[in-house]
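Contents: one structure, followed by commentary.
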Amino acid sequence: MTIKMKRPKAGFATKTIHVGQEPDPLTGAVVAPIYATTTYVQQEIGKHKGYEYSRVSNPTRTRLEKNMAALEGGTSAHVFSSGMASIVAMTQCFLKQGDHLVCGHNVYGGVPRLFNQVLSNYGIEFSYVDTSDLSAVKKAMRRKTKIVWIETPTNPLMVLTDIQEVAKIAHAGGAELAVDNTFMSPYFQSPIKLGADMVMHATTKFLNGHSDGLGGVIVGTKPHHAEKLAFMQKAAGAILSPFECWLVLRGVKTLAVRMEQHNRNGQAVADFLRHHPKVKKVLYPTFPDNPQYELAKRQMTGFGSMITFETGSQNNANKMLRKVRVCSLGESLGGVETLISHPATMTHAALGVAGRKKIGLTDGMVRISVGIEDLEDIIADLDNALAAI
Ligand SMILES: *Cc1c(COP(=O)(O)O)cnc(C)c1O
79 MTIKMKRPKA GFATKTIHVG QEPDPLTGAV VAPIYATTTY VQQEIGKHKG
129 YEYSRVSNPT RTRLEKNMAA LEGGTSAHVF SSGMASIVAM TQCFLKQGDH
179 LVCGHNVYGG VPRLFNQVLS NYGIEFSYVD TSDLSAVKKA MRRKTKIVWI
229 ETPTNPLMVL TDIQEVAKIA HAGGAELAVD NTFMSPYFQS PIKLGADMVM
279 HATTKFLNGH SDGLGGVIVG TKPHHAEKLA FMQKAAGAIL SPFECWLVLR
329 GVKTLAVRME QHNRNGQAVA DFLRHHPKVK KVLYPTFPDN PQYELAKRQM
379 TGFGSMITFE TGSQNNANKM LRKVRVCSLG ESLGGVETLI SHPATMTHAA
429 LGVAGRKKIG LTDGMVRISV GIEDLEDIIA DLDNALAAI
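Heads up, the numbering used here is the position in the sequence shown plus 78, with the first residue counted as 1.
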């Protein structure tokens, strides 16, 4: 049974299709053109139509950035060549030597890798805390804390952080709150409405939705966000190409219908797994006995399609993962196809045994990004694969 939540989001689907997606003024083409150009002719020295060089700006990119800002309710958006590139740009814009960032201890594996193995070489300091525990966030704040970085629900343990409360703590300490909203997409969660200053997405995932283009976006709410991120696009250059901007513009038009189906399939698959005798535990916020169920209903308008479940051992996980046919064993998430993965050896291998133990990520855990295929086919496939355990 699908749990009804506070929906629909009025106007959201219209925005995905129309903001930044206006017909081409020159020809009337309904679909935004791909401006495959590096440079722009100037009428005389310094006189141009707003575009000079495509590292600085490009009309296809401008369209996507308008669209992304509108969907998250921000005032600016800047897109980069991958989700990680957008996090690099953001940290380089807003952190300098001696500054400190408080990070959730169970975020996308690439984030602590970047922080610990790259940015720490530049004198930036990081603390990792369980951000679902508000007192731990408060305790981690320092005089030099400039950013609090959270992901909710977390990957892959599906633990929620109260965005509104953490925003208050960050602001009281003179820091800004940045939320990685990749798992929920702007359709199911609006961090800016809850007090977040910046929102990040790997557009690679649900926003594009078709597993055919990497990308990242930082949505801002203040003039200094827009100014510094635009400068970083120009200065460092990890921008998203016009073609890949176009792929996201195309993919995002179906975000609302895709998310509805992801959510319906996700809830049904979570129910199926919960009642399956071979599955020891299911991590998904939809179950009323989950202590975070009320928070989930308060800050999300759907539960999405990311589910983690416990098979008991790496050997069991391996046995079932060898058998899947409709689900594909692979990294990534958020595509129309169901993707299934083994976090301990794939997305979270870089954490190491001790790091995984600390957050409670076991070798038997399997993560599934439920796609929008026919539900019966996904369930039959999982049932067949679980029989191998
Ligand atoms: C994939 C992902 C990223 C990184 O995005 P890339 O496009 O792979 O660089 C960051 N955060 C989350 C939650 C992700 O799922």
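Quick reminder that beta carbons are idealized off the backbone N, C-alpha and C, glycines included. None of the values given here were measured: they were computed from a predicted structure.
Taking 7 Å as the cut-off, is the C-beta of residue i nearer than that to any heavy atom in ligand 1?
i    : result
S160 : yes
T117 : no
G188 : yes
D258 : yes
N286 : no
F381 : no
N145 : no
T282 : yes
F266 : no
F193 : no
G294 : yes
F261 : yes
L411 : yes
N233 : yes
E229 : yes
Tell me whether residue i sits in a helix, a strand or coil according to DSSP, three-state version.
i    : result
S406 : strand
G188 : helix
I247 : helix
I467 : coil
I123 : coil
H279 : strand
H96  : helix
D290 : coil
D258 : strand
S447 : strand
L104 : coil
I457 : helix
I241 : helix
V215 : helix
S419 : strand
E130 : coil
K359 : strand
H303 : helix
S205 : strand
K331 : coil
G151 : coil
L179 : strand
I165 : helix
I112 : coil
To the nearest angstrom, how far is it from the Cα of residue i to the Cα of residue j?
i    : j    : result
P366 : V237 : 14 Å
F309 : G252 : 23 Å
Q392 : K246 : 40 Å
Q370 : P363 : 7 Å
T440 : A346 : 24 Å
A334 : M162 : 25 Å
Y118 : K312 : 16 Å
D211 : V180 : 13 Å
E254 : P234 : 25 Å
G291 : M146 : 16 Å
V297 : T232 : 20 Å
H156 : H279 : 11 Å
V97  : E451 : 28 Å
Y129 : T116 : 10 Å
F90  : A432 : 42 Å
I446 : G390 : 16 Å
F193 : I418 : 27 Å
K331 : F321 : 16 Å
T138 : S164 : 18 Å
V295 : E150 : 11 Å
H249 : G273 : 9 Å
L453 : P421 : 24 Å
K125 : L285 : 36 Å
Given that a residue counts as buried once 16 or more other Cβ atoms are within 10 Å of its Cβ, and exposed if not, what is residue i?
i    : result
S213 : exposed
Q195 : exposed
K306 : buried
L104 : exposed
D102 : exposed
S198 : exposed
K283 : buried
H303 : buried
N461 : Per the sequence presented here, residue 461 reads as Asp, with Asn not at that position. Exposed, since its Cβ has fewer than 16 Cβ neighbours within 10 Å.
K72  : Here the chain has residues from 79 to 467 only, and residue 72 is not among them.
Y265 : buried
K93  : buried
Q99  : buried
K271 : exposed
R400 : exposed
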